[in-house]
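Using our numbering, the first residue of the sequence shown is number 1185, and each one after it goes up by one.
Single-structure report; data block below.
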Amino acid sequence: NGANLEMDFYGGWKKSFDGGFGIDLGAIYYYYPGSGAGGTTKIDNTELYIGGSWKFISLKYFHAVNDYFSVPHTSGSGYIDLSANYDLGGGWGINGHVGHLNFENYSNGRSNGDYTDWKLGVTKDISGWVFGAAYVGTNAKGSCTPNAAGLTQPYCFGNDAPGATGTKNAGRDTLIVSVSRTF
């Protein structure tokens, strides 16, 4: 809808306790400058979150306080995230994640927007440079083939008119390779 950039603003409070326990509270705002141009829907999203952790495992819940990414009547949508990051030693680490979105009051006439996603990855730290590879998947329906009514699945992005090209299936599994460095 006219945006070519996502800006995330977040803040919160985090506390660690004896025994490896922790708590995390906060808010995050997703902003898409330029969205809404030409009379299209302006896209933004505000969520509150609460999380807990124990050693290398964390569980966090995000709650949309306004319409979820500007989809009408979806305030109250929620996402739960269970993640683990384990240090194997020698600079090696493994990580995993499973999450589930409850897309409140949403249906595009073909399916609802609820989905579960997952990730399994490995990292290697070499002198502060962290190299990673992760397999990421979801059960989100992202079929871009329109049904008889011309509707695609909710996680098909781009031009979803019947017979259109240039659509992207966001529901397919993928491999992500990364390099990062913290200064």
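Cβ atoms here follow ideal geometry from the backbone N, Cα and C, with glycine treated the same way.
Report task. Note down, in chain order, each residue of its chain lying with its Cβ closer than 6 Å to the Cβ of F1205, except the 5 sequence neighbours on either side. Result -> W1238
Requested in this report: Would you grab the beta carbon distance between V1320 and I1360 for me? Rounded to a whole angstrom, and I think it's under 8 Å.
Outcome: 6 Å
Query raised in the report: Cα separation between G1195 and D1208?
Result: 10 Å
Query raised in the report: When DSSP builds the beta bridges, which residues end up paired with V1255?
Result: V1255 pairs with nothing; no bridge assigned.
Query - Assigned secondary structure, D1228 (DSSP; H/G/I helix, E/B strand, else coil) - result: strand
Query raised in the report: Taking the C-alpha atoms as reference points, what is the distance between L1266 and Y1299?
Result: 14 Å
Query raised in the report: Roughly how far, in whole angstroms, is the beta-carbon of K1421 from the beta-carbon of H1281, given that I think they are within contact range, below 8 Å?
Result: Shown here, the chain extends from 1185 to 1367; a query on residue 1421 therefore has no answer.
Query raised in the report: Can you tell me the Cα-Cα spacing of Y1216 and M1191, whole angstroms?
Result: 6 Å
Requested in this report: Give the straight-line distance between the Cα atoms of A1345 and N1188, rounded to the nearest whole angstrom.
Outcome: Only weak support exists for where A1345 lies, its pLDDT of 47 falling under 50; the coordinates are left without a value.
Requested in this report: Using 10 angstroms around the beta-carbon of Y1290, count the other beta-carbons present and answer buried if the total reaches 16, otherwise exposed.
Outcome: buried
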